[in-house]
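If you're matching positions, the sequence shown starts at 131 in the numbering used here and goes up one per residue. Each residue gets a CB set at the ideal place from its N, CA and C atoms; glycine is no exception.
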Amino acid sequence: MENISWKQMSEDERARYTVDRYNALYQVKQDYLDLWQDIVDFLAINRYNLDGTQQKGKKKGQDVYDAYACLAWRDFVHGVFGYMMSPNLQWFKLRVTPDWLMDDRAVKMWLEEVERILYASFARSNFYETAPEYLADGSSLGTATCYSEEDLSTGKTIWTVMHPGEIVLAENRYGMVDTVLRKFKLNARQAVQSFGEDNLSEQIKANWRKTPEQEFEFYHATFPADDIEYYFDEDGVYKPKPGSKPFVSAYVMEDGTKLIRESGYRLNPYTVWRCFKNSGEIYGRSPATNAIIDIIKLNQMEKTTLNARHMMVDPPLQVPESMRGKVRFTPRGRTYYDPSKPELLVREMPMNISLPAGIDGEDRLRKIIDKHFMTDFFTLLSTAALEGRELTVPQVMEMQGEKAVMLAAMIGRLTSEFLDPVIDRSFDIEMEAGRIPPPPPILQKFAGGPIDVDYMGPLAQAQRKLFKVQGITQLMQTVAPLVEAYPDIVDNFDSDKIALELHSAAGAPVKILRDEKQVQAMRQQRQQKIAAQTAIEQAGSLAGATQGLSKPIEENSPLALMTGQEGAAQ
């Protein structure tokens, strides 16, 4: 096809282009399918239908002889979910730049209100139900894809985790996924509900009336409208044309003959997370891709051990030829033989089976798999309890911080490719629905500026405490012994700034802080009370001193000795 932009194509050309683009990107994806199939066979069994040709509900997992890797993977998924985005936690906070805006109380209160609205949006939606499934795809196959849309009838945001077998991807020049194409199936009834009867082929219309469960394939393409929707304005800024939307959305029939629907999005509705990523690759890697060789070896060893156990429990037997058909192997079976002919006895085959050697090898592989999935971080306390160790709170915090550092690379990509887009998309949907309040006047001057996100879950907190809070507490512990000898040393530290820094690191709500004017008024009032109390005490001391002046000098008192009046009373 001639190299023309999307907007210059006819509808038929767009439909054909979508199918051709999917096929071209699928060729790139094929390089990963063998690896994915191994992971599906031995770990992510629920994703067995990678090519869409397998029977639904088919029994799978026959190759799995040891489920240890599956359990380690489960702990990883549940651990990341619970530590990063649990519905029982305040797991994110919003902030704006420049930083001095965060000193404005109206800005802080507006951000907290937006946070409340976003938390309510996540609670209304199915986000917390689908997030573990999304994390499971990313931590096993290495790439997870989620689609979001608003149910206008209920005001809920619907999050749908896409099957990895349906998706193909493309990156922009910065290595960010900006193009997602999906090949999927709908039955005739679902197709009519989704696109309307008039937009579908005659075959689908006929099936809708006669066999509504008959399935048909469709394509959905979402990609940036770079070439036609953007332009350079007078100031040289590259910006979208008024009324245009940066992302194109197109639905196409399977055969590429009909463009069913075309629309646009301000933000890409697909969120793609690569757990880890190698340079030069589009699809991600994961703890499972790194561990797959060890997982396969463990299953092979367990299969061998299982056979050995079978041999020990139900060993092969040596049976004389003359006893063929006469031996009873059933429970309480009786086999008769002539005691004078001991050679007719049935004997076990001699074997040299050593289970401990195999078990030691399996235990070693299980420990390696634990390290791949970093389960020791998520089971720190339970592991310590099993080992009989008693950990103090500072020890636990330090150990969690240390483990959090090891997870930093994965968490960084999780936040940038999953959580950040999820919050941006939710904010966009809520704003479009009119549920976001207008920002305070001071923020309106910075319209179009970014709203940044700080993650407050236990994992992010562990990292923050290790590098931020721990630095302050260690400083205070180091300085404390010196204060007794050098009291002036405390003048170097601003106690208010220390308290505010700890408050920020802890992610505590703004409303528990008093306004700066209130703090100053309270301190002034406290100083006035102290000054008044001091004045009263000084007045009392002065009164006592003047009363003493009217008394006669006592004989032989220090004052009498000083004035030479000793013995004057005589």
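- E343 sits away from K315, with the two beta carbons spaced by 8 Å or more.
- Boundaries of the beta strand (DSSP E) around W289: K286 to V291.
- Annotation: T460 to D444 spans about 12 Å, alpha carbon to alpha carbon.
- Contact fails between the stretch 202-212 and the stretch 569-585, because fewer than three Cβ pairs, one in each stretch, are under 8 Å apart.
- The stretch 267-283 makes contact with the stretch 390-404: 3 or more CB pairs, one atom from each, lie closer than 8 Å.
- In the structure shown, the three-state DSSP call for Q448 is strand.
- In this structure, DSSP gives S270 a helical state, which the three-state scheme calls helix.
- A straight-line Cα-Cα distance of about 20 Å links V298 and A418.
- Inclusion of A438 and L485 in the CB contact set at 8 Å is warranted, their separation being smaller than that value.
- The closest CA to that of G212, considering only G587, V552 and S331, is found on G587.
- Judged by beta-carbon spacing, D267 lies beyond the 8 Å limit of A261, meaning their Cβ atoms are not closer than that value.
- In the DSSP assignment, I423 is bridged to no other residue.
- The beta carbons of L474 and P446 sit about 18 Å from each other, so the pair does not count as a contact at 8 Å.
- Per DSSP, V457 lies in no alpha helix (DSSP H) and is assigned neither H nor E.
- Following the DSSP letters along the chain, one finds F348 inside the beta strand (DSSP E) bounded by residues E345 to P354.
- According to DSSP, residue pairing for K315 in a beta bridge involves E347.
- Shown here for T509: same chain residues with a beta carbon closer than 7 Å to its own, the five before and five after excluded, namely D205 in chain order.
- Contact annotation, V170 with Y349: C-beta distance approximately 24 Å; criterion of less than 8 Å not satisfied.
- In this structure R151 is not in contact with G386, their Cβ atoms being roughly 10 Å apart against a cut-off of 8 Å.
- Bounds of the beta strand (DSSP E) holding L389 are L389 to Y395.
- S546 carries a helical assignment under DSSP once its states are collapsed to helix, strand and coil.
- Bounds of any beta strand (DSSP E) do not take in R496; it lies within the alpha helix (DSSP H) bounded by L485 to F503.
- Secondary structure note for W166: its alpha helix (DSSP H) is the uninterrupted segment E141 to F172.
- Apart from the 5 residues on each side of it in sequence, D308 sits with its Cβ closer than 6 Å to the Cβ of N302 and P354 in its chain, given in chain order.
- For M214, the enclosing alpha helix (DSSP H) covers residues Y198 to M215.
- For L474, there is no enclosing beta strand (DSSP E), as DSSP gives it neither H nor E.
- Between the C-alpha atoms of Q655 and A661 there is a straight-line separation of about 10 Å.
- Taking C-beta atoms under 8 Å as the contact rule, R235 and D645 qualify, at a distance of about 6 Å.
- Bridge partners of T275 according to DSSP: V402.
- CA-CA distance, M214 to D554, rounds to 17 Å.
- Annotation: the continuous alpha helix (DSSP H) that includes Y249 extends over R235 to R254.
- Taking a contact as a CB-CB distance under 8 Å, the pair F557 and L231 does not count as one, their CB atoms being some 18 Å apart.
- For G182, same chain residues with a beta-carbon under 7 Å away, outside a window of 5 residues either side, are G295 in chain order.
- In this structure, the alpha-carbon of V649 lies about 52 Å from that of N408.
- Within the DSSP bridge table, the entry for D624 names no partner.
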